[in-house]
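Okay, structure first, notes after.
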Amino acid sequence: MTLSHSPLHDLSVTALAAELRQQRVSATEVAQHFLARSHAHQHLGAYVALNEEATLAQARAADARLAAGTAGPLEGVPIAHKDIFVTRDFPTTAGSKMLVGYQSPFDATVVSRLAQAGAVTLGKLNCDEFAMGSANENSAVAPVGFNAPAPVRNPWDTTRVPGGSSGGSAVAVAARLAPAVTGTDTGGSIRQPASFCGITGIKPTYGRASRYGMIAYASSLDQAGPMARSAEDCALLLSAMCGPDLDRDSTSIDLPAENFSARLNDSLEGLRIGIPAEFFGEGLAADVRAAVDAALKEYEKLGAKLVPISLPRTELSIPVYYIIAPAEASSNLSRFDGVKFGHRAQNFTDLEDMYKKTRAEGFGDEVKRRIMTGAYVLSHGYYDAYYLQAQKIRRMIADDFQQAFQQCDVIAGPVAPSVAWKLGEHSSDPLADYLADIFTLPASLAGLPGMSVPVGFGEGQMPVGMQLIGNYFQEARLLNAAHCLQQATDFHLRQPEGF
Numbered sequence: 001m002t003l004s005h006s007p008l009h010d011l012s013v014t015a016l017a018a019e020l021r022q023q024r025v026s027a028t029e030v031a032q033h034f035l036a037r038s039h040a041h042q043h044l045g046a047y048v049a050l051n052e053e054a055t056l057a058q059a060r061a062a063d064a065r066l067a068a069g070t071a072g073p074l075e076g077v078p079i080a081h082k083d084i085f086v087t088r089d090f091p092t093t094a095g096s097k098m099l100v101g102y103q104s105p106f107d108a109t110v111v112s113r114l115a116q117a118g119a120v121t122l123g124k125l126n127c128d129e130f131a132m133g134s135a136n137e138n139s140a141v142a143p144v145g146f147n148a149p150a151p152v153r154n155p156w157d158t159t160r161v162p163g164g165s166s167g168g169s170a171v172a173v174a175a176r177l178a179p180a181v182t183g184t185d186t187g188g189s190i191r192q193p194a195s196f197c198g199i200t201g202i203k204p205t206y207g208r209a210s211r212y213g214m215i216a217y218a219s220s221l222d223q224a225g226p227m228a229r230s231a232e233d234c235a236l237l238l239s240a241m242c243g244p245d246l247d248r249d250s251t252s253i254d255l256p257a258e259n260f261s262a263r264l265n266d267s268l269e270g271l272r273i274g275i276p277a278e279f280f281g282e283g284l285a286a287d288v289r290a291a292v293d294a295a296l297k298e299y300e301k302l303g304a305k306l307v308p309i310s311l312p313r314t315e316l317s318i319p320v321y322y323i324i325a326p327a328e329a330s331s332n333l334s335r336f337d338g339v340k341f342g343h344r345a346q347n348f349t350d351l352e353d354m355y356k357k358t359r360a361e362g363f364g365d366e367v368k369r370r371i372m373t374g375a376y377v378l379s380h381g382y383y384d385a386y387y388l389q390a391q392k393i394r395r396m397i398a399d400d401f402q403q404a405f406q407q408c409d410v411i412a413g414p415v416a417p418s419v420a421w422k423l424g425e426h427s428s429d430p431l432a433d434y435l436a437d438i439f440t441l442p443a444s445l446a447g448l449p450g451m452s453v454p455v456g457f458g459e460g461q462m463p464v465g466m467q468l469i470g471n472y473f474q475e476a477r478l479l480n481a482a483h484c485l486q487q488a489t490d491f492h493l494r495q496p497e498g499f
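In terms of UniProt numbering, the sequence shown opens at residue 1 and continues consecutively.
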């Protein structure tokens, strides 16, 4: 079979699915093409595991279904998964020495649902250790083609970070190493790397996508979502990923799967877009503001109305998040003690010594920092002063959004205060990484859906993303707003030179 027009890696998920359905190209050819690209661009450090035999077996099975006329909506489309989702055919490390060599006996629900829709798994993608980071510099696992751990590099400028913790995922899409990927977002880890790498990513409402088989960082915040080049592609992927999983995930919401593509082309006439004053104040880089302002003017041309709003507790989201998330992490990561699975220290004197040495050897500095912070805020005498107060303010942050949504339909603003920074720039100041999450944390704390849409370029010709936030279960509205903007602009189609 031969493809009639663009190179395979230039096709969107939607276009690739159509080519496969019409049998102008085979799933096996597509898989081989992307595997070859993954090897050719190993220097980016995006992949941490490939299993070509398993990938090609899945592709051949997809070809058989395509030939038989029983194809799913994503039949034969390659997808790669953040290494935080457990997978039967690929090792799972969560970017940590603690899990090197671990092979899961089952697939995460998100992985299995995409497979049921026909997607073919290319491999596992690099991420910050246990999804803790804003730059993808915290991975303790060697990427494919490397002999030692290495940071993921942004394809727009390989001296810069891709964002985190889903940095490997964002880079794979931006560099055309995969047409679509999965990511996870605890405090902005889909939206921020999508912004830094010039792609589209969406975090659905908390509970929309099952957390079963997703290695936990902070259970009340973690949420899976798709990353691809366009809102149209993300809608297709999200439709396959979401749906209730009540037997296996107690936080799963009992809402039927939705066709998020159905309303993509609805008119934006009369759409009220809330502009929070707190997102456009001191600390926002001028180049980021200029790109976001230009996108907002484009929305006005499309018939939307800009409405000034306030989210008064935005600044409090950083201390609140960095109390609640580490507290939950300290609890979730207590299971990694060397007893049942994962790394175990070789030399120890007794059980307590084994615990201490295993965790000291297995966890990286950032994970240890968050575990210690979490243990402290949950300890006797500090629980009421820190954790309980943080939960109260979290409720107030969610209330602020509900007040705002009485005045608007969608909230828009920057994803991050700046474009991607240089590798190592924040290595001696972890707080600088934390502060970069100021605009993404509020929606995460409230459990709201949010997405990043490419809207231009800033300093060093680095991508800038605009964040769209919707009310609960309003993913279709967000995707509609993003798609209409992408029909009027071409930033989501641009790609880094050499890829």
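Don't be surprised by glycine CBs; every beta carbon is placed ideally from N, CA and C. This structure is a prediction, so every number in the text was calculated from the model and none was measured.
I273 and G207 - do their beta-carbons sit closer together than 8 angstroms? Your numbering for residue 207 matches position 207 in the sequence shown. Your numbering for residue 273 matches position 273 in the sequence shown. Going by C-beta atoms, G207 is not nearer than 8 angstroms to I273.
query = In three-state DSSP terms, what is residue 562?
reply = With the chain covering only 1 through 499, there is no way to say anything about residue 562.
L114 and L74 closer than 8 angstroms at C-beta
Counted from its first residue, the sequence shown places residue 114 at position 114. Counted from its first residue, the sequence shown places residue 74 at position 74. Contact flag set, yes.
Tell me the residue span of the beta strand (DSSP E) that contains A80.
For this step, residue 80 is matched to residue 80 along the sequence shown. It spans 78 to 82 - the beta strand (DSSP E) in which A80 sits, taken as one unbroken run.
Checklist entry - Among all the DSSP beta bridges, which residues are the ones paired with K297? => result What you label residue 297 is simply residue 297 of the sequence shown in a count that begins at 1. K297 is not bridged to any residue.
Original post:
Can you find at least 3 beta carbon pairs, one from the segment 413 to 421 and one from the segment 337 to 353, that sit closer than 8 angstroms?
Top reply: no
Can you tell me whether K124 is buried or exposed? The criterion is at least 16 other CB atoms within 10 Å of its CB, across all chains shown. Position 124 of the sequence shown, counting from 1, holds the residue named residue 124. Classification for K124: buried.
**Asked** Got a sec, what are the start and stop residues for the beta strand (DSSP E) S452 sits in?
**Response** Translated into the one-based positions of the sequence shown, residue 452 becomes position 452. Counting along the chain, the beta strand (DSSP E) containing S452 begins and ends at 450 to 457.
- prompt: Contact between the segment 284 to 293 and the segment 239 to 257: three or more CB pairs below 8 angstroms?
  reply: no
Whether or not the segment 460 to 471 and the segment 186 to 206 are in contact is what I'm after, with contact meaning three or more pairs of Cβ atoms, one per stretch, closer than 8 angstroms; do they touch? yes
Measure the CB-CB distance between T184 and M214 and report whether it falls below 8 angstroms. Position 184 of the sequence shown, counted from the first residue, corresponds to residue 184. Position 214 of the sequence shown, counted from the first residue, corresponds to residue 214. In contact: T184 and M214 (Cβ atoms closer than 8 angstroms).
Can you give me the C-alpha to C-alpha distance between Y217 and G168, rounded to a whole angstrom? By 1-based counting over the sequence shown, the position of residue 217 is 217. By 1-based counting over the sequence shown, the position of residue 168 is 168. Each residue's alpha carbon lies about 18 angstroms from the other.
ask   = Where do the N-terminal and C-terminal ends of the beta strand (DSSP E) with I215 fall, by residue?
value = Taking the sequence shown and counting its residues from 1, the one referred to as residue 215 is at position 215. No beta strand (DSSP E) contains I215, which DSSP labels as neither H nor E.
Do N480 and D266 have their C-beta atoms closer together than 8 angstroms?
As a first step, residue 480 is located in the sequence shown; it is residue number 480 there, counting from the start. As a first step, residue 266 is located in the sequence shown; it is residue number 266 there, counting from the start. Contact: yes.
Problem - Among E315, F90, L333, the one whose alpha carbon lies nearest that of G364 - result: As a working mapping, residue 364 is identified with position 364 in the sequence shown. Checking every option, the nearest Cα to that of G364 belongs to L333.
C-beta contact flag for A142 and S96 at 8 angstroms:
Residue 142 sits at position 142 when you count from the first residue of the sequence shown. Residue 96 sits at position 96 when you count from the first residue of the sequence shown. Contact: no.
Buried versus exposed call for S428 [16 or more other C-beta atoms within 10 Å across all chains shown]
The residue given as residue 428 occupies position 428 in the sequence shown. Exposed.
TODO: Go ahead and pull the three-state DSSP assignment for D287.
DONE: In the sequence shown, residue 287 corresponds to position 287, counting from 1. Three-state DSSP puts D287 in a helix.
Neighbour-count burial assignment, L448, 16 or more Cβ in a 10 Å radius: Residue numbering aside, residue 448 sits at position 448 when the sequence shown is read from its first letter. Buried.
Going by C-alpha to C-alpha distance, which of V77, I324, H343, L11 sits closest to V100? Here residue 100 refers to the residue found at position 100 of the sequence shown. If we check each option's Cα against that of V100, H343 comes out closest.
Notebook entry, point to check: Can you round the beta-carbon distance between I411 and V320 to whole angstroms, since I take them to be within the 8 angstroms contact cut?
Noted result: On the sequence shown, position 411 is the one that residue 411 refers to. On the sequence shown, position 320 is the one that residue 320 refers to. The Cβ separation is near 18 angstroms, so there is no contact.
Could you say which of L311, L44, R21, E29 lies nearest to T70 if we only look at CA atoms? As a first step, residue 70 is located in the sequence shown; it is residue number 70 there, counting from the start. Residue R21 is the option with its Cα nearest to T70.
Review point. Where DSSP assigns a beta bridge to R160, which residues make up the other side?
Key: On the sequence shown, position 160 is the one that residue 160 refers to. Looking at the DSSP assignment, R160 forms a beta bridge with K422.
Backbone secondary structure at T314 - three-state DSSP:
Residue numbering aside, residue 314 sits at position 314 when the sequence shown is read from its first letter. Three-state result, T314: helix.
If we require 3 or more residues per run, which beta strand (DSSP E) segments fall completely within the segment 173 to 245? 180 to 185, 200 to 203, 223 to 228
Cβ contact check for the segment 230 to 245 and the segment 257 to 264: 3 or more pairs under 8 angstroms
yes
Give me the Cα-Cα distance between S134 and A68, rounded to the nearest whole angstrom.
On the sequence shown, position 134 is the one that residue 134 refers to. On the sequence shown, position 68 is the one that residue 68 refers to. Those two C-alpha atoms are separated by around 45 angstroms.
Quiz prompt | Three-pair Cβ contact test at 8 angstroms for the segment 485 to 497 versus the segment 427 to 446 | solution = no
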